[in-house]
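Structure first, commentary second.
Numbering (my numbering), first residue to last: 25 to 843.
Written out as structure tokens, the structure is:
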């Protein structure tokens, strides 16, 4: 680890250094991790000089003469709030900037967060700090140490920078001064090294995105966290008691009818539904495939049953679980209400893979919306279907103020329409450009294997195709694979039967419908899909859910389950959408090839996301794959990935090792590309009679791959269907997150003019607090600002629907008179 020249404990020298510096690395040590904790020490790395500021919170006697007061700390760090051109580099800026702002140090300079920068390129290392933070639930592991990868600075130093940082010394309040200083200096150097490496290795688009949105939004999110939102403890307690009483009544009614209480725990409820009582078919859920108690699954079981008594039992269980979920979430808010201010201070951050803003400790984004008859959520049993629950009323405006919620109508669909309308490349040309990029990255390293693979193409799979450039015959055009490389002119030749047609000159009907719908988009879309007006509200809702399902990459089976209709009807809805919006359907089909080739996607604003196991398989010259055939072989294959396809990965198999537990060849090599077959055991892997290639070439189906290894890391692979769905969702949902961030930044000037405050962000909704006497003018101004296009070429209109009220659960549209 590189040394630091000097260490200064003087607040005024630190302020002078900050006034002339261009960039500074910052790190804080505090008394703990709670909101009311104090700063014990502040470390700043300016050029190669470390400035360590020890506050009065430190208790080591050796630091007595150099401790500074809170006022001196504010003086020392004042340039951070004065100089907008200054850049501070922090790891996990939400914590450090939040502590500074609560200590009275205003942060108005640029904030570069090394954790955010890393997540832009590498978003699935694992959970960042604790279970409430974002990150993959199945993180990658380091092959040498076996440790799960994450975003902790000490682990990044070891796994990314290959240096050893000093471990956390313990209680920093009583820590000896010398050890505290060395620990701070270690963190400063590691943060600086990480920033330098990311600046060299990250794509310019990622760095540009962070500078435009990621770094700017940090301070805004911190101030939302520090502002908090007023809660009503009395409502929380009384409503929780009411929900408990309703649960008790439902349990008693179920006992009177069926002899089974419902307040007996989930294990007994599952036993009643699936085994000893109702004997319904088991609907598995989760990775362990345990019997489900989810409300949508209970409604599916109800719709499948022909017995009236079973239906009534499932309805009561559904209502009981709904109220139990509402009660649990509502009651959990009580412990987060500050006794002095009666406000809830959630922590906001934008470190999710999609770029969405998250809320933790507590999660205010999960406060349930209204449960009532005709609402999105409702009780279904005859005795309780009229029950209304408005959990959001736990949040209210301060005295003399009102809440203003601005919601973007159909945000995800508008983003998708914009992306399709501005996709300016023919589908064939687009895939050719992606193949050319891959060729530049790893082409020379895999070319010897790719050239040799032609010898192993089996005769019955050879087909004649002519290259459109040199007109030479290509005898490797296989119907399963969409493109080949012409050996004569090196052109990528694609099969027109496999590539979806996407013509950028054709109009995007989805974008046109947003411009011409007159405010009722779903009715316009239904009319285009069905060729007529919807018969009723149910049919319109089915079309609405179909469109939302398209955005989320939903299959016909999932759509049928959501709508509670048969599979053929759901397929008909999806076909109707494809016929009504051919450009969107073509883009969706094209993305299945694009993501298979790249393993990544981008939002319109430049937020990057990759699925790392798939990204390795299409960008590394050599990898290891754990392949599992159902009921047969389990193998570790060391392969050279030749070509990614929509359904398979064509590989040159270097070697194969038996990995099946209990096999007589477990752990032994059974194949080598130079020696051929080693084992004589009947492995399915060796059966290539009906396959396109003979060994050592294999087209390995994505669905057979379970794990992927590089030389240093290993990751779980969940299959290409899930990979595509995540990347396709990112295009729309990540784009919505970008719009929300742009709106948050634009709203600052309006909030300052009206002395309003941004309190909460929920996906595509912003919640403000403004004084009653300026309510009408604020709503008019903020609506005008938020409906501006998020970028110059965004021609799909943004529609913001403002609602106002004293409680979050009672928001209504502002009347024309402003009353």
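We put the beta carbon where it would ideally sit given N, CA and C, even for glycine.
Pick out whichever of the options has its Cα sitting closest to the Cα of residue i.
i: residue 209; options: 360, 533 and 66; result: 66
i: residue 678; options: 789, 655, 450 and 722; result: 722
i: residue 548; options: 531, 530 and 567; result: 567
i: residue 680; options: 667, 207 and 696; result: 696
i: residue 79; options: 167, 275 and 201; result: 201
i: residue 784; options: 740, 34 and 246; result: 246
i: residue 570; options: 538, 403, 285 and 604; result: 604
i: residue 11; options: 107, 263, 249 and 430; result: It is not possible to answer for residue 11, since the shown part of the chain is limited to 25 through 843.
i: residue 174; options: 353, 599, 146 and 685; result: 146
i: residue 104; options: 39, 72 and 562; result: 39
i: residue 68; options: 60, 42 and 82; result: 42
i: residue 715; options: 738, 551, 672 and 651; result: 672
i: residue 13; options: 665, 292, 426 and 597; result: There is simply no residue 13 to check, as the chain begins at 25 and stops at 843 in what is shown.
i: residue 329; options: 675, 315 and 306; result: 306
i: residue 124; options: 143, 594 and 54; result: 54
i: residue 397; options: 413, 391 and 558; result: 413
i: residue 387; options: 376, 371 and 400; result: 371
i: residue 686; options: 462, 659 and 409; result: 659
i: residue 471; options: 434, 557, 122 and 675; result: 675
i: residue 127; options: 60, 642, 584 and 631; result: 60
i: residue 526; options: 375, 446, 84 and 378; result: 446
i: residue 345; options: 122, 273, 365 and 423; result: 273
i: residue 164; options: 533, 789, 741 and 745; result: 741
i: residue 644; options: 558, 463 and 767; result: 463
Just to confirm, is the Cβ distance from residue i to residue j under 9 Å?
i: residue 117; j: residue 148; result: no
i: residue 187; j: residue 214; result: yes
i: residue 421; j: residue 829; result: yes
i: residue 255; j: residue 368; result: yes
i: residue 749; j: residue 576; result: yes
i: residue 601; j: residue 590; result: no
i: residue 633; j: residue 758; result: yes
i: residue 322; j: residue 341; result: yes
i: residue 545; j: residue 437; result: yes
i: residue 44; j: residue 112; result: no
i: residue 92; j: residue 132; result: no
i: residue 638; j: residue 655; result: no
i: residue 803; j: residue 838; result: yes
i: residue 427; j: residue 832; result: yes
i: residue 615; j: residue 752; result: yes
i: residue 140; j: residue 238; result: yes
i: residue 657; j: residue 717; result: no
i: residue 662; j: residue 646; result: yes
i: residue 281; j: residue 319; result: no
i: residue 719; j: residue 700; result: yes
i: residue 180; j: residue 74; result: no
i: residue 28; j: residue 72; result: yes
Contact defined as beta carbons within less than 8 Å: I believe residue i pairs with residue j. What is the distance between those atoms, to the nearest angstrom?
i: residue 764; j: residue 381; result: 7 Å
i: residue 185; j: residue 218; result: 6 Å
i: residue 736; j: residue 167; result: 6 Å
i: residue 355; j: residue 339; result: About 25 Å; that fails the 8 Å criterion.
i: residue 429; j: residue 728; result: With a Cβ gap of about 48 Å, residue 429 and residue 728 do not count as contacting.
i: residue 350; j: residue 293; result: Contact flag wrong, Cβ pair sits at about 17 Å.
i: residue 264; j: residue 754; result: About 37 Å; that fails the 8 Å criterion.
i: residue 786; j: residue 389; result: 5 Å
Would you list the one or two residues that DSSP bridges to residue i?
i: residue 361; result: 368
i: residue 722; result: 675
i: residue 717; result: 481
i: residue 74; result: 31 and 69
i: residue 97; result: Residue 97 pairs with nothing; no bridge assigned.
i: residue 737; result: 166
i: residue 632; result: 626
i: residue 729; result: 651
i: residue 232; result: According to DSSP, which records beta bridges pairwise, residue 232 is partnered with nothing at all.
i: residue 847; result: This structure cannot speak to residue 847, because the chain is shown only from 25 to 843.
i: residue 831; result: 420
i: residue 383; result: 372
How about the stretch 398 to 417 and the stretch 790 to 808: do they share at least three Cβ pairs that are nearer than 8 Å?
Not touching, per the Cβ criterion.
Given 8 Å, three or more beta-carbon pairs between the stretch 388 to 406 and the stretch 750 to 763:
The stretch 388 to 406 makes no contact with the stretch 750 to 763: fewer than 3 CB pairs, one atom from each, lie closer than 8 Å.
Decide yes or no for the touch test of the stretch 87 to 101 against the stretch 221 to 235: beta carbon pairs closer than 8 Å, at least 3 of them.
A contact is defined here as three or more CB-CB pairs under 8 Å, and the stretch 87 to 101 fails this definition with respect to the stretch 221 to 235.
Pairs of beta-carbons, one from the stretch 817 to 829 and one from the stretch 534 to 543, closer than 8 Å: are there three or more?
Yes, they touch.
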